[in-house]
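**Student:** Dropping the structure in here first, questions after.
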Amino acid sequence: MKGRWIYAAAASLLGNLTSLLHPAIAVIFSLLALFLLKRNILTKQNMTILILIYLSLIIRSELAAEYNRTSLTGNEGDFEITLSESVKIDGDLLTVLIELTEKKEKLAARYKIKSEAEQKILSDHLRIGMTCRVNGTLKTPPTSTNPNSFSYKDYLNHNSIFWILELEQLNLSDCTYNKSRITLPILKMREMGTKHILEHFPEQAAPLSIALVFGDRSFIDEDIVASYQEIGIIHLLAISGLHVGMLAGMFFLAGVRAGITREKMTSILIMVLPVYAILTGAAPSVLRAVFMMLLVLLAKKLKAPIQLADVISIVFAGYLFIFPFIIYNAGFQLSFAVALSLILSAPAILKKFTHPLAALLSVSLICQIAAIPILLWHFYEVSIISIIANLIFVPLYSSIVLPVVLILFIFDLLTGGRADFLLHVLEKMIVFLNWIAEMLSAIPNSTLILGRPSPLNLIIYLLLIPAFFAGWERSKNKKAIVKNGVLPVLAIVIHYFVNVLTPAGEITFIDVGQGDSILIKLPYGRGNYLIDAGGAPMFKTEEWKMRSDPYETGKDTVVPFLKSKGVSKIDKLFLTHGDMDHIGGASAVLREMKVKSVVFPHGAEFSEAEKDLVIQAKNNKSEIFFIKAGDSWLIGDSVFRVLSPFGGEMGDGVGKNDGSIVLFAKIGGLNWLFTGDLEEQGEGQLIKSYPKLRADVLKIAHHGSKTSSTDLFLAGLKPRIGVISAGRNNRYGHPHNDVMRRMNDYNVKVLRTDKQGAITYFFKGDSGTFSVQLP
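Residue numbers (UniProt numbering): 1 to 775.
Written out as structure tokens, the structure is:
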């Protein structure tokens, strides 16, 4: 199998996917096997090995799925737990991964800290490895309630975690230190090293240093992480093959200079590398790099040369066999896809270039193109300037930042914290690099939002990108290189136009909790409308309780959903009225997306939040419109009419809720009425002004409040379907029982975001169907 282990890796992947994705993958394996035999690429003996690997991965994945279940009923209340990792304290919230000492089942634990004094005590004294007696409530992890959104439940289940334990109390007097765990000393070193950096490194240098030394980027400000991600250099904040190779090289050379033989240093490295993997968090990129290096070192020690392509293939197959569910991990996918592309294509491609800058550009291009389908699947967008950003940052990080951080960390440990001046210089350098990243990420239109690729789009990417690499390797002149460069561009263009030119449209009531946000996506790219953007009222809180990155509806729910749908521009952002549960997420939408126009109700008296949005919109060159009853427009087959507010002088509007924008639309063969937070008075005015008004689908006003959806309104409107956007277990008791009774009396089928998640109407022409996210 020498030189052919890549086929074994393919067989292991197909076996894994046959089990976890779809049995039809077996057809792909059969076709691959026939092709390899017919072309005499593999012998019958090799093929037997391949089939055994394929079947073994199917069996292993089936067993993993079968036994990946909880031993708890959910009714338990008292537990003896062991802290499996360092506790994370963010404001008044403590989170930690724990293990039940008897059943050995992992849980995700959460604890609401009750006072600033308790926060300090827990931060100072709770340590990894402690065993505690606690009581609490087991809760099922939340699943994704919007299309394409991250499912925390699936993420935990793939890591064999099935419950969140909400702790009622956490007393240090109920905790003892348990030293029985084999890896505990290594994890303690990690915890102590992290603590040392936080205490001795400058404030703005510590977070990045922890990420580079210990692989934990949770301390880095979310805005900086977002900037690095937007310009395509987020991989620099994770420990990868570059870090492992550099550190191993430094360690090896130091040992040789100290008089240790190369053979002994090779043996020492083989023993040290697994420790380093645990010390840095054992992320997929770390494990890939460590085990690849271990294989190379072992082969060297045994004097059995091995090709790098075989090394990564063996590591991939072994990784999948041990951890079948790792296939869902974005870091795993990116790490192996990029590394494999470099191993297979870089040697042949780099021979064509003599200038170092051209070689660096080629390597950057290989990495970025290999990552495109994975980035689009998980993050829905790719950076246009990532190649330039990598040209700037990769040399700086690999030759300066990473070595300096590692050396200063060791030096500061050895000298007892006497590297102050050098650490100050490091801080200035890191601040400067972060500033460059933020400036580059602020460049308008620097990311290409394409949305999550469909299965067909994904297949096109997986065919054209390898074809591009193969063509680039064979190309003999610049003309041939440019010609091959059309292939990945073609894949992107197809993805873009399939999304934009689709004859299908959709209307989605996004699940934003207690609030409203509705996307209207018209066919053939004729327009994207967003009615409200969700949000939540802001409450003043004590400083110690404040979270470093609190949940924000616009940033964390609305914008990711829009991007997943390939929405890169909002033609009209309707803000029906000034309540925060309707406009709170609008700032993030304006910040993250191109918004052509922002629409407010005529006659509204603006709150400070609305005034801020107007300023932000103007700064973004968005047009500001105020609409009132009588305004209308036509786009393709879709008709839009504004029914309320009824106008008057600016600032003379009726109550805020009754001054909501009410929009009537004919879309997809149905009549729709979007009502904002209209209440009884406004509904009465609407029926009085439009006695012949009828709607097939009613957005039930004010989240199902008892002050809305009156008998008069429902009797006149005669809706067939009512959609309620409300938060689960919300404090207002929405939807009210009286409203639900009235819906039943008038034979209105009710769809609710608090019960069914996002509600989507997919349509083509005058026909369509409703779909809900949760069954």
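Where is the CB? At the ideal position from N, CA and C, for every residue including glycine.
Identify, in the order they occur along the chain, each residue of the same chain with its Cβ nearer than 7 Å to the Cβ of residue 496, setting aside the five sequence neighbours on each side.
**Tutor:** Counted from its first residue, the sequence shown places residue 496 at position 496. The residues are 450.
**Student:** Mind the definition here: the segment 55 to 68 touches the segment 316 to 329 only if three or more C-beta pairs lie below 8 Å; say whether that holds.
**Tutor:** Yes: the two stretches touch, three or more of their Cβ pairs being nearer than 8 Å.
**Student:** Rounded to whole angstroms, what's the CA-CA distance from residue 253 to residue 259? Just pull it up for me.
**Tutor:** Position 253 of the sequence shown, counted from the first residue, corresponds to residue 253. Position 259 of the sequence shown, counted from the first residue, corresponds to residue 259. In a straight line, the C-alpha of residue 253 is about 10 Å away from that of residue 259.
**Student:** Figure out for me which residue from 44, 12, 149, 105 has the closest Cα to the Cα of residue 556.
**Tutor:** Taking the sequence shown and counting its residues from 1, the one referred to as residue 556 is at position 556. It is 149 whose Cα lies nearest to the Cα of residue 556.
**Student:** Take residue 454 as the anchor and find which of 625, 25, 397, 565 has the nearest alpha-carbon.
**Tutor:** Numbered from 1 along the sequence shown, position 454 holds the residue referred to as residue 454. Among 625, 25, 397, 565, the Cα nearest to that of residue 454 belongs to 565.
**Student:** Which residues bound the beta strand (DSSP E) around residue 795?
**Tutor:** The shown model of the chain, from 1 to 775, leaves out residue 795, and the question about it has no answer.
**Student:** I'd like the list of long-range same chain contacts for residue 446, defined as Cβ closer than 6 Å, with 5 residues on each side in sequence excluded.
**Tutor:** By 1-based counting over the sequence shown, the position of residue 446 is 446. Result list for residue 446: 384, 385, in chain order.
**Student:** In the DSSP assignment, what residue or residues form a beta bridge with residue 764?
**Tutor:** Looking up residue 764 in the sequence shown gives position 764. Per DSSP, 504, 767.
**Student:** On a Cα-Cα basis, can you pick out the residue from 306, 93, 75, 214 that is closest to residue 238?
**Tutor:** Along the sequence shown, read from residue 1 onward, the residue named residue 238 stands at position 238. Of the listed residues, the one whose Cα sits closest to residue 238 is 214.
**Student:** When the Cα atoms are used, what is the spatial distance from residue 442 to residue 592?
**Tutor:** Locating residue 442 in the sequence shown gives position 442, counting from the first residue. Locating residue 592 in the sequence shown gives position 592, counting from the first residue. The alpha-carbon atoms of residue 442 and residue 592 are separated by roughly 10 Å.
**Student:** Just verifying my parser: in three-state terms, what is the DSSP assignment at residue 778?
**Tutor:** There is no way to answer for residue 778, as the model of the chain reaches only from 1 to 775.
**Student:** Residues in the same chain with beta-carbon distance under 7 Å from residue 761, minus the five sequence neighbours each way, listed in chain order, please.
**Tutor:** On the sequence shown, position 761 is the one that residue 761 refers to. So the qualifying residues of the chain are 506, 507, 668, 768, 770.
**Student:** Quick one: is residue 60 buried, meaning 16 or more other Cβ sit within 10 Å of its Cβ, or exposed?
**Tutor:** Working through the sequence shown from its first residue, we reach residue 60 at position 60. With 16 or more Cβ atoms within 10 Å of its Cβ, residue 60 is classed as buried.
**Student:** Taking the alpha-carbon of residue 170 as reference, which of 207, 83, 678, 182 has the nearest alpha-carbon?
**Tutor:** Here residue 170 corresponds to residue number 170 of the sequence shown, with the count starting at 1. Residue 83 is the option with its Cα nearest to residue 170.
**Student:** For the beta strand (DSSP E) containing residue 130, name the first residue and the last one.
**Tutor:** Locating residue 130 in the sequence shown gives position 130, where the first residue counts as 1. It spans 130 to 139 - the beta strand (DSSP E) in which residue 130 sits, taken as one unbroken run.
**Student:** Hey, how far is the Cα of residue 188 from the Cα of residue 679?
**Tutor:** As a first step, residue 188 is located in the sequence shown; it is residue number 188 there, counting from the start. As a first step, residue 679 is located in the sequence shown; it is residue number 679 there, counting from the start. Using only the alpha carbons, I get a separation of about 59 Å.
**Student:** For residue 666, which residues from the same chain have a beta carbon less than 6 Å from its beta carbon, with the 5 sequence-adjacent residues on both sides left out?
**Tutor:** Within the sequence shown, the letter at position 666 stands for residue 666. Answer for residue 666: 639, listed in chain order.
**Student:** If contact is defined by three or more beta carbon pairs under 8 Å, each pair taking one atom from either stretch, is the segment 401 to 414 in contact with the segment 198 to 214?
**Tutor:** Touching, yes, given that three or more Cβ pairs across the two stretches are closer than 8 Å.
**Student:** Measuring straight from C-alpha to C-alpha, what distance separates residue 738 and residue 706?
**Tutor:** Position 738 of the sequence shown holds residue 738. Position 706 of the sequence shown holds residue 706. Approximately 6 Å, taken between the alpha carbons.
**Student:** For residue 544, count the other beta carbons within 10 Å of its own beta carbon; 16 or more makes it buried, fewer makes it exposed. Which is it?
**Tutor:** Translated into positions along the sequence shown, residue 544 becomes position 544. Exposed, by the Cβ-count rule.
**Student:** Which complete alpha helix (DSSP H) runs does the segment 426 to 513 hold, if anything under 4 residues is left out?
**Tutor:** Here the runs fully enclosed are 455 to 474, 478 to 500.
**Student:** Between residue 424 and residue 202, is the Cβ-Cβ spacing less than 8 Å?
**Tutor:** Numbered from 1 along the sequence shown, position 424 holds the residue referred to as residue 424. Numbered from 1 along the sequence shown, position 202 holds the residue referred to as residue 202. In contact: residue 424 and residue 202 (Cβ atoms closer than 8 Å).
**Student:** I believe residue 72 touches residue 138 by the beta-carbon criterion, under 8 Å. Please report the beta-carbon distance rounded to the nearest angstrom.
**Tutor:** If you number the sequence shown from 1, residue 72 lands on position 72. If you number the sequence shown from 1, residue 138 lands on position 138. About 6 Å separates the two Cβ atoms, so the contact holds.
**Student:** To which residues of the same chain is residue 217 closer than 6 Å at the C-beta, ignoring the five residues directly before and after it?
**Tutor:** Counting from 1 along the sequence shown, the entry for residue 217 is found at position 217. 211, 237, listed in sequence order.
**Student:** Is the distance from the Cβ of residue 57 to the Cβ of residue 291 below 8 Å?
**Tutor:** For this step, residue 57 is matched to residue 57 along the sequence shown. For this step, residue 291 is matched to residue 291 along the sequence shown. No; because the gap between Cβ atoms is not below 8 Å, this pair is not in contact.
**Student:** Would you check if there are 3 or more beta carbon pairs closer than 8 Å linking the segment 414 to 428 to the segment 263 to 279?
**Tutor:** Counting Cβ pairs under 8 Å, fewer than three are found: no touch.
**Student:** Which parts of the segment 8 to 78 are runs of the beta strand (DSSP E), unbroken and 3 residues or longer, counting only runs that do not cross its ends?
**Tutor:** DSSP runs (the beta strand (DSSP E)) wholly in the segment 8 to 78: none.
**Student:** Give the straight-line distance between the Cα atoms of residue 17 and residue 462, rounded to the nearest whole angstrom.
**Tutor:** Here residue 17 refers to the residue found at position 17 of the sequence shown. Here residue 462 refers to the residue found at position 462 of the sequence shown. Each residue's Cα considered, the two are about 16 Å apart.
**Student:** Using 8 Å as the threshold, is the C-beta distance between residue 819 and residue 7 below it?
**Tutor:** In this structure the chain extends from 1 to 775, so residue 819 is not present and cannot be described.
**Student:** As an exercise, report each continuous beta strand (DSSP E) stretch of at least 3 residues that is fully enclosed by the segment 298 to 384, in chain order.
**Tutor:** Correct list: 381 to 383.
**Student:** Pick helix, strand or coil for residue 152, following the three-state DSSP scheme.
**Tutor:** Taking the first residue of the sequence shown as 1, we reach residue 152 at position 152. In this structure, residue 152 counts as helix in the three-state DSSP scheme.
**Student:** Below 7 Å CB to CB, which residues in the same chain sit around residue 358 once its five sequence neighbours on both sides are set aside?
**Tutor:** Here the question's residue 358 lines up with position 358 in the sequence shown. So no residue of the chain qualifies.
**Student:** To the nearest angstrom, how far is the alpha carbon of residue 682 from that of residue 758?
**Tutor:** Locating residue 682 in the sequence shown gives position 682, where the first residue counts as 1. Locating residue 758 in the sequence shown gives position 758, where the first residue counts as 1. C-alpha separation (whole angstroms): 27 Å.
**Student:** Between residue 734 and residue 553, what straight-line distance do the alpha-carbon atoms span, to the nearest angstrom?
**Tutor:** Taking the sequence shown and counting its residues from 1, one reaches residue 734 at position 734. Taking the sequence shown and counting its residues from 1, one reaches residue 553 at position 553. Using only the alpha carbons, I get a separation of about 19 Å.
**Student:** Starting from the C-beta of residue 15, find all residues in its chain whose C-beta is less than 6 Å away, skip the five residues before and the five after it, and write them out in chain order.
**Tutor:** By 1-based counting over the sequence shown, the position of residue 15 is 15. Here the set comprises 54, 57, 58.
**Student:** Between residue 440 and residue 533, what straight-line distance do the alpha-carbon atoms span, to the nearest angstrom?
**Tutor:** In the sequence shown, counting from the first residue as 1, residue 440 sits at position 440. In the sequence shown, counting from the first residue as 1, residue 533 sits at position 533. The straight-line gap from Cα to Cα measures roughly 27 Å.
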